[in-house]
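My numbering applies: residue 1312 is where the sequence shown begins, and numbers increase by one.
Glycine residues also receive a C-beta, built at the ideal position from the N, C-alpha and C atoms.
Encoded as structure tokens, the structure appears first; notes follow it.
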Amino acid sequence: MVVLASLLLSGCVKYDVGVNFDNSNHGELVQHIKLGERLTSFSGDYVYEWLNSIERRARKLEGKTKRISPEEVIVTIPFNNGQELQEKFNEFFNSRTNQKAEAVQSESNSELPKIESNLLIEQNNFLLFVRNRLIYDLDLRSLSLIASNGNVLTNTGSILDLDFSLKAPFGAKNIPIAENAIEPEKNRNQLVWKLRTGELNHIEVVFWLPSPLGIGALLIALFVWGGLYLRYTFMPDPRIQFAPKAAVSQSAVAE
């Protein structure tokens, strides 16, 4: 995220981050990055190296990438639960890691604004379903004014397009904390937030997911109960069924 600040100086960047849940034990973190022509024209090899670094970080987190074009890439990182999503998300967007990768570029340019990104997932298991509370904070206040070689860029929103989306099987409920909270766009079971540059973006949302473990345990219990019910309702009692045979055997032995 930090490198986006330097990219703002020369062109347009569209960055979509999506969290897609299938159930409480599987999901994907999907990122779609597309760079504008002006950016690639002025920034040259540095821009492509930035995309390459994104691909390397994705592979480190057991993810995969799809290069649509030299300027466009889709990154998919799987996760097995909320805790793993939290760890992988925060590791991928760790600003300190990005700063080390861009140390050479930072020496020749002005100091890059610091962008803080943090994702938190709280989960509560209710046997068949898991209640999830997602909290995401992205501090873009440092991008309100960016200076480079004496030139000041103020309208960062016009050249930086950041989206954050959440997709869950049963949909999600947005929790607005502040008066100026971002109101998401709803598309079926997906919520999409347009992040604001120059501001502290806070997203809080609650959603429910099916629990495969709980549902599996319930099905096993129903199967066992159904077997017992059929055995003792539609079939003769084993004590009655085998009692005459036992009596005959005893009489034959006595003779």
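Of the residues assessed, R1499 falls on the exposed side of the cut-off, its CB having fewer than 16 other CB atoms within 10 angstroms. For the beta strand (DSSP E) assignment, the uninterrupted runs of no fewer than 3 residues enclosed by the region 1478-1518 are, from N- to C-terminal side, 1483-1485, 1496-1498 and 1501-1505. Counting C-beta pairs with one atom in each stretch, the region 1516-1531 and the region 1334-1343 have three or more that are closer than 8 Å, which means they touch.
In its chain, beyond the 5 residues on either side, Q1397 and I1446 have a beta carbon closer than 7 Å to the beta carbon of L1431. R1378: member of the beta strand (DSSP E) spanning K1375 to S1380, first to last residue. Distance from the CA of S1380 to the CA of A1369, rounded to the nearest whole angstrom, comes to 17 Å. Here DSSP, grouped into helix, strand and coil, assigns F1404 to coil. Per the coordinates, the alpha-carbon of P1480 lies some 31 Å from the alpha-carbon of I1426.
Note on geometry: alpha-carbon atoms of A1489 and R1442 lie some 23 Å from one another.
By the C-beta density criterion, P1495 is buried, having at least 16 other C-beta atoms within 10 angstroms.
Contact annotation, L1340 with F1404: C-beta distance approximately 10 Å; criterion of less than 8 Å not satisfied.
DSSP lists no bridge partner for N1391.
Collapsing the DSSP output to three states places G1347 in coil. For I1365, the uninterrupted alpha helix (DSSP H) run begins and ends at D1356 to K1371, by DSSP. Apart from sequence neighbours up to five positions away, the residues of its chain that approach F1518 with a beta-carbon distance below 6 Å are N1443, A1479 and A1483, ordered along the chain. Spanning the alpha carbons of I1365 and S1428 requires a straight line of approximately 16 Å. Here the alpha carbon of L1449 sits roughly 52 Å from the alpha carbon of G1537. K1399 has no beta-bridge partner at all, per DSSP.
I1344 is a Cβ neighbour of Y1326, given a cutoff of 9 Å. DSSP, read as helix, strand or coil, puts I1526 in helix. Cβ atoms of L1454 and G1509 come within 8 Å of each other, at about 6 Å. Annotation for L1529: L1439 place their beta carbon closer than 7 Å to its own, counting only its chain and skipping 5 residues before and after. In the structure shown, the three-state DSSP call for I1426 is coil.
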